[in-house]
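Numbers in the working numbering are just positions in the sequence shown, counted from 1, shifted up by 325.
Positions of the beta carbon are idealized from the N, C-alpha and C atoms, including for glycine.
Have a look at the structure below, then the notes.
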Amino acid sequence: MGCPETGIAIDVNGDPRPEGAGYDIGAFELQTTTPFTPTATVFLPLVTATATPSLVTSGHITYRLGNRLYRLAAWEGATPEDVSAALDTLSAGTGDEWLNISPDGAWLLTSTDRFDLECAGWACLALVKSDFSGYETVRVDGVPLHPPGFSTVASGGALIVYPDDNGPHTRDLWVIRRDGSAWGTPMLLTGDSSYDYNEQPALAADGSIVVFDCSPVPYGQEGTAICKVNTDSSNFHVVLASTYMGGSIQNALRHPDYAPDGSIVFESDWGGERIWRLAVGATTAQPVNADLTNDNSPCVLPDGRVVSLWLNRPGSNGEHEIKVMAADGSSYIMVLTGQDVLDIGIGCGE
């Protein structure tokens, strides 16, 4: 024990002295109680991170690969569904030309030689329930329709827009509506068009407007613009012309589709093929993601994600692979790789 030196109240560590019954020897006082240590508040630097997106389990894409039709769920790891094989269980056929899906996902629209003897050797427009529980050859006044290109069906399956070559232009768009158990008289939609080719239609979510390719030349060539018209045939006008943004007639705008917010998403070859968006009320379009080039033929899922056929995936062999991009272009996933999808039109629905 140390001496009871007075006037020294703490040791060299700052601990109280004396502790216990008497003073300890040396410079350090033995502490018999645990000194209080305040709980520290730890401030970490603020980190801005990109959140891992939740797994999206809605939306489907339709397309043609080789001579087969497919439907594919719009998330990574989904297995393509062979729609042609499912149609085989309903009726034999060898000529499935293209496949589209209604926005509500309840209907499939196709051009096929199935279901009807009058379609043998000349594919007819056919409407199929998405669960394959029913189907019909689309007839007007008892005659099947033979559209020369991609067509579209509205949610509910009671309105179809299709191209035909029997109008005032080389190719026009027509609309038919279901009238009870039959389809009503076709109505010409593109009578006011100044373009000779009007094709590749896509409907707004409520079926009230159709947006489409309009061009002085056949599908896929340069000079294609974007037009739209109400499905009652009113208010036709050109949305964007191919000379837009100082380009020349060599530019082309193709494959427009409506997004849920009313904007129009389309493909253009301004400075390389990219996917663009024209916002509601805007006169200037913006690329969805300017870094993704050689990006083609978009359609828009009901949740706003943009589907396209992309040829520039690193490591690919230049196939038209299926990419699903966030609505703002900030991220994307590949849902079909190593396959060359036929670039005649892909469909997006629930």
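Where residue i sits in the DSSP three-state scheme
{"i": "residue 497", "result": "strand"}
{"i": "residue 443", "result": "helix"}
{"i": "residue 627", "result": "coil"}
{"i": "residue 460", "result": "strand"}
{"i": "residue 595", "result": "coil"}
{"i": "residue 671", "result": "coil"}
{"i": "residue 525", "result": "strand"}
{"i": "residue 520", "result": "coil"}
{"i": "residue 566", "result": "coil"}
{"i": "residue 666", "result": "coil"}
{"i": "residue 454", "result": "strand"}
{"i": "residue 649", "result": "strand"}
{"i": "residue 435", "result": "strand"}
{"i": "residue 659", "result": "strand"}
{"i": "residue 489", "result": "strand"}
{"i": "residue 403", "result": "coil"}
{"i": "residue 424", "result": "strand"}
{"i": "residue 514", "result": "coil"}
{"i": "residue 354", "result": "Bear in mind that the predicted position of residue 354 carries a pLDDT of just 49, short of 50, making it too unreliable to give a figure here."}
{"i": "residue 366", "result": "Reliability fails at residue 366, whose pLDDT of 26 lies under 50, so the model's placement of it is uncertain and the value that follows must be treated cautiously. In the structure shown, residue 366 sits in coil (DSSP, three-state: anything other than H, G, I, E or B)."}
{"i": "residue 380", "result": "Because residue 380 sits at a pLDDT of 46, beneath the cut-off of 50, its placement in the model cannot be relied upon, and the following sentence gives the value as read from the coordinates. Three-state DSSP puts residue 380 in coil, outside helix and strand."}
{"i": "residue 418", "result": "coil"}
Residue interval of the beta strand (DSSP E) (run including residue i)
{"i": "residue 410", "result": "No beta strand (DSSP E) contains residue 410, which is instead part of the alpha helix (DSSP H) from 408-413."}
{"i": "residue 397", "result": "393-398"}
{"i": "residue 537", "result": "534-540"}
{"i": "residue 581", "result": "578-583"}
Per DSSP, cross-strand counterpart(s) of residue i
{"i": "residue 479", "result": "Beta-bridge pairing links residue 479 to no other residue."}
{"i": "residue 385", "result": "398, 674"}
{"i": "residue 473", "result": "The partner list for residue 473 (beta bridge, DSSP) is empty, contrary to what the question assumes."}
{"i": "residue 484", "result": "502"}
{"i": "residue 611", "result": "602"}
{"i": "residue 620", "result": "635"}
{"i": "residue 390", "result": "393"}
{"i": "residue 507", "result": "504"}
{"i": "residue 642", "result": "Paired residues: none, contrary to the question."}
{"i": "residue 555", "result": "534"}
{"i": "residue 550", "result": "539"}
Distance CB(residue i)-CB(residue j) smaller than 7 Å
{"i": "residue 435", "j": "residue 672", "result": "no"}
{"i": "residue 588", "j": "residue 563", "result": "no"}
{"i": "residue 503", "j": "residue 522", "result": "no"}
{"i": "residue 593", "j": "residue 668", "result": "no"}
{"i": "residue 675", "j": "residue 429", "result": "yes"}
{"i": "residue 513", "j": "residue 499", "result": "yes"}
{"i": "residue 477", "j": "residue 433", "result": "no"}
{"i": "residue 629", "j": "residue 423", "result": "no"}
{"i": "residue 506", "j": "residue 520", "result": "no"}
{"i": "residue 625", "j": "residue 653", "result": "no"}
{"i": "residue 474", "j": "residue 493", "result": "no"}
{"i": "residue 460", "j": "residue 415", "result": "yes"}
{"i": "residue 462", "j": "residue 469", "result": "yes"}
{"i": "residue 598", "j": "residue 577", "result": "no"}
{"i": "residue 649", "j": "residue 666", "result": "no"}
{"i": "residue 405", "j": "residue 412", "result": "no"}
{"i": "residue 658", "j": "residue 401", "result": "yes"}
{"i": "residue 535", "j": "residue 515", "result": "no"}
Residue i: CB within 6 Å of a non-hydrogen atom of the ligand MG
{"i": "residue 505", "result": "This structure does not include the ligand MG; it has no bound ligands of any sort."}
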